[in-house]
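A.B. asks: Sharing a structure below in structure tokens format, with a few things to ask.
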Amino acid sequence: MADLETDLVVVGTGAAGCGAALAGLARGLRVVVVEKSERLGGATASSLGGLWVPENHLMAAAGLSDSLDAARAYMKFLSGGYALAPMTEAYLQSSRIALRDFADAGVPFRLLRGLPDHYYPQAKGSVADGRLVEAMPIARDALGPWGDRLEEGVYNEAGVSWGDAIAWGGLGARQNWPEHELEARRQRRLLAAGPALVGQFLARLMAADVPILAGFRAERLILEDGRVAGVVGPRRIRATRGVVLASGGYEGSPELVNRFEGLPDWMNIFPRSVEGDGLVMGSELGAAVWRVPNNLAMLVGYAIPSPTEPGEWVFFSAGLRGLSYPHSIVVNDQARRFCDESQFQHVVAGLTRFDLGAHRHPNLPAWMLFDAQYLRRYSFARRPPGADLPDWVMRADTLPELAGVLGLDATALADTIARFNAGAERGEDPEHGRGSSAFARSTAGDPHAKHPNLGTLAEPPFCAVRIKLGGISAAGLLTDPDARVQHVRGRPIPGLYACGNAAAPTESGAGYQAGISLMRGLTFGWLAARHAVGAAG
15 MADLETDLVV VGTGAAGCGA ALAGLARGLR VVVVEKSERL GGATASSLGG LWVPENHLMA
75 AAGLSDSLDA ARAYMKFLSG GYALAPMTEA YLQSSRIALR DFADAGVPFR LLRGLPDHYY
135 PQAKGSVADG RLVEAMPIAR DALGPWGDRL EEGVYNEAGV SWGDAIAWGG LGARQNWPEH
195 ELEARRQRRL LAAGPALVGQ FLARLMAADV PILAGFRAER LILEDGRVAG VVGPRRIRAT
255 RGVVLASGGY EGSPELVNRF EGLPDWMNIF PRSVEGDGLV MGSELGAAVW RVPNNLAMLV
315 GYAIPSPTEP GEWVFFSAGL RGLSYPHSIV VNDQARRFCD ESQFQHVVAG LTRFDLGAHR
375 HPNLPAWMLF DAQYLRRYSF ARRPPGADLP DWVMRADTLP ELAGVLGLDA TALADTIARF
435 NAGAERGEDP EHGRGSSAFA RSTAGDPHAK HPNLGTLAEP PFCAVRIKLG GISAAGLLTD
495 PDARVQHVRG RPIPGLYACG NAAAPTESGA GYQAGISLMR GLTFGWLAAR HAVGAAG
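End of the sequence shown sits at 551 in this note's numbering; the numbers just go up one at a time, nothing left out.
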């Protein structure tokens, strides 16, 4: 006999899981949420929390224009031909409705103003403002005992939303942010960005007394008469309307990363608990797995000591928090630049390129180089501008000495930096076009510098950290526009749904646009709950 009975079981407490749970609750379903970790929020809690929603109701209220036709053209560009059209259409048609429904259910959202689409204006259908939305900040204390049990990544400043960062000049203008306001938010124990997104949904679930079982590792699915009817973990939970797998990808599983990503210098960017449990449980029932061949949903960064676990190292995402700032570049083991460092997807494309002649990734290993000018002006690894450099950073007083530390050719490195410096002084990058992206300038440039993304490397000490790759899973469970998991035989598995990173990114294909990952989790979680309402018990 089941230990617990309900209508819908949701596995995972990131945006996708919380969204599916709230959507089910709003439709009258009894919902139970289970979370493998003792902490809530999953991968969402380490994010900037942006949601990409074309033609959303907040845009209209602000007098901004958009159309689904324009968004459709932009998503076609993003996909690189790898998206599945019905899934893209489901996202376009449903994301704005889901956002409005969640707002009606009490989740407060606001426009994230001043942030253009990644590929604005060069991509057809892109817009300069209005498609990015974020949840309003929320105090930890409003979440009772869960307030201190939310995951927090190592990237974000406490209490600062993405919209705040943009309004204060961008992530590259940290030295000019209002310190009194930052301290006030710390004192108020304010959650913003990804943690606020989870927190706002969590507050609505708590208000409705939805059971949230932390430390519950779902190990297998219950199958009754060919239908998924619950999960088994520390307890057996039976669900009359099915199970939503929102447990994230497999980024924390070295075996699955090797199987589906196969990239050197990979480092997990999410909590350790994100290990592909949904993929494994679904596969046991014959679920189809879909993989995007060219995964651009990747981040670039470097390893830093864990702030909570002594002796452990964690990934620090530097794509928007370092690589794009003036007075820094990225070089390969030939001491050559190979990308526009101000656009992290260009860095990803360079790092993952494979040279058939040399039969290797020609740009791995790679290093981020920066100098004393950078250290004086910008935050490094969450340290305030001007802070002492940590011991684990490689450094030297001259460029030839730094080349020796890194094992690079000193003449080649000197030539690379001389050419970069000459262009930076003029505010241009003839080789790679650094600083030409509106997204890079507004989000991760320094508006107070001579050029937002360009600055010379000229003052010792000269420093370096080795670049690491991490990202969102390239593979996941294949789902349909109702978020139903598909069997390898081409039919839905009754009672089984997947959303977020547990599901394959079939709506966006190869491309990555800030806010799509989180919003697809919310959208398809909403669609899953909507379908489950009509599912037979």
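Heads up, the beta-carbon is just placed ideally off N, CA and C, and yes, glycines get one too.
Leaving out five residues on either side along the sequence, give the residues of the same chain with a beta carbon under 7 Å from the beta carbon of alanine 372.
C.D. replies: There are no such residues.
A.B. asks: Write down the C-beta distance between alanine 489 and valine 245 rounded to the nearest angstrom, noting that I regard them as a contact closer than 8 Å.
C.D. replies: Not really, about 22 Å apart at Cβ, beyond 8 Å.
A.B. asks: To the nearest angstrom, report how far apart glycine 551 and aspartate 347 are at their CA atoms.
C.D. replies: Because glycine 551 sits at a pLDDT of 44, beneath the cut-off of 50, its placement in the model cannot be relied upon, and the following sentence gives the value as read from the coordinates. Spanning the two alpha carbons is a distance of roughly 60 Å.
A.B. asks: Within 10 Å of its beta-carbon, does serine 522 have 16 or more other beta-carbons around it, so buried, or fewer, so exposed?
C.D. replies: Answer is buried; the Cβ neighbour count reaches 16.
A.B. asks: Whole angstroms is fine: what's the gap from proline 506's alpha carbon to arginine 255's?
C.D. replies: In a straight line, the C-alpha of proline 506 is about 14 Å away from that of arginine 255.
A.B. asks: By DSSP's criteria, glycine 244 is part of a beta bridge. Which residues make up the other side?
C.D. replies: Looking at the DSSP assignment, glycine 244 forms a beta bridge with Ile236 and Arg252.
A.B. asks: Where are the beta strand (DSSP E) runs, 3 residues long or more, that stay fully inside the region 89 to 163, in chain order?
C.D. replies: Whole beta strand (DSSP E) segments, 3+ residues: 123 to 125 and 146 to 149.
A.B. asks: Mapping DSSP to helix, strand and coil, what is valine 25?
C.D. replies: The answer is strand: DSSP assigns valine 25 an E or B state.
A.B. asks: Here's the rule: buried if 16 or more other CB atoms are within 10 angstroms of the residue's CB, otherwise exposed. What is tryptophan 406?
C.D. replies: Tryptophan 406 should be labelled exposed.
A.B. asks: Does the pairing of the region 32 to 41 with the region 200 to 216 give three or more beta-carbon distances under 8 Å?
C.D. replies: In short, these stretches touch, since the Cβ pair count reaches three.
A.B. asks: What is the rounded straight-line gap between the Cα of alanine 349 and the Cα of alanine 380?
C.D. replies: C-alpha separation (whole angstroms): 9 Å.
A.B. asks: Which one of Met101, Trp540, Leu219 and Gly208 has the shortest CA to CA distance from glycine 158?
C.D. replies: The option with the nearest alpha carbon to glycine 158 is Leu219.
A.B. asks: Which value, in whole angstroms, describes the spacing of the CA atoms of aspartate 21 and proline 278?
C.D. replies: Cα-Cα distance, rounded: 43 Å.
A.B. asks: Measure from the alpha carbon of histidine 465 to the alpha carbon of each residue in Ala187, Val24 and Arg433, then state which is nearest.
C.D. replies: Checked all of Ala187, Val24 and Arg433; the closest Cα to histidine 465 is Ala187.
A.B. asks: Using DSSP bridges, identify the partner residues of glycine 484.
C.D. replies: Glycine 484 pairs with Leu313.
A.B. asks: Among Ala528, Pro285, Leu468 and Leu299, which has the Cα closest to the Cα of threonine 556?
C.D. replies: For residue 556 there is no data in the structure shown, the boundaries of the chain being 15 and 551.
A.B. asks: Out of curiosity, what's the CA-to-CA distance linking alanine 497 and glycine 421?
C.D. replies: Going by the C-alpha atoms only, they are around 50 Å apart.
A.B. asks: Take isoleucine 251 as the anchor and find which of Arg234, Ala260, Ser267 and Glu265 has the nearest alpha-carbon.
C.D. replies: That would be Arg234, whose Cα lies nearest to the Cα of isoleucine 251.
A.B. asks: Tell me the residue span of the alpha helix (DSSP H) that contains glycine 300.
C.D. replies: Segment: none, glycine 300 is in no alpha helix (DSSP H) and carries neither H nor E.
A.B. asks: Using the Cα positions of aspartate 291 and alanine 417, report the straight-line distance between them to the nearest angstrom.
C.D. replies: The alpha-carbon atoms of aspartate 291 and alanine 417 are separated by roughly 43 Å.
A.B. asks: Express the C-alpha separation of alanine 386 and threonine 430 in angstroms, rounding to a whole number.
C.D. replies: The alpha-carbon atoms of threonine 430 and alanine 386 are separated by roughly 18 Å.
A.B. asks: Bridge partners of aspartate 369, per DSSP?
C.D. replies: Answer is Arg374.
A.B. asks: From what residue to what residue does the alpha helix (DSSP H) around proline 268 run?
C.D. replies: Unbroken alpha helix (DSSP H) run through proline 268: 268 to 274.
A.B. asks: Between proline 414 and the rest of its own chain, which residues show a CB-CB distance below 6 Å, the 5 nearest in sequence each way excluded?
C.D. replies: Excluding sequence neighbours, proline 414 sits near Ala424.
A.B. asks: Leaving aside the five residues before and after aspartate 178 along the sequence, list all residues of the same chain whose C-beta is less than 6 Å from its C-beta, in chain order.
C.D. replies: Correct list: empty, nothing qualifies.
A.B. asks: Taking 8 Å as the threshold, find out whether the region 105 to 116 comes into contact with the region 169 to 178 through three or more Cβ pairs.
C.D. replies: With a cut-off of 8 Å, the region 169 to 178 and the region 105 to 116 do not count as touching, because too few Cβ pairs lie within range.
A.B. asks: In this structure, does DSSP put threonine 322 in helix, strand or coil?
C.D. replies: In the structure shown, threonine 322 sits in coil (DSSP, three-state: anything other than H, G, I, E or B).
A.B. asks: Once you ignore the five residues that flank isoleucine 486 on each side, which residues in its own chain have a CB closer than 7 Å to its CB?
C.D. replies: Taken in chain order, the residues that qualify are Gly263, Ala311, Asn515 and Ser531.
A.B. asks: Could you tell me whether the region 54 to 69 touches the region 140 to 155, using the rule of 3 or more Cβ pairs below 8 Å?
C.D. replies: Enough Cβ pairs lie closer than 8 Å, so yes.
A.B. asks: Contact between the region 350 to 363 and the region 391 to 399: three or more CB pairs below 8 Å?
C.D. replies: Touching, no.
A.B. asks: Secondary structure at histidine 71, three-state DSSP: helix, strand or coil?
C.D. replies: The answer is helix: DSSP assigns histidine 71 an H, G or I state.
A.B. asks: Which class does phenylalanine 384 belong to by DSSP, given the choice of helix, strand or coil?
C.D. replies: Here phenylalanine 384 sits in strand by DSSP.
A.B. asks: Tell me which same chain residues have a C-beta within less than 7 Å of the C-beta of alanine 549, skipping the five on either side of it?
C.D. replies: Within the same chain, alanine 549 has close Cβ partners Arg255, Gly256 and Gly509.
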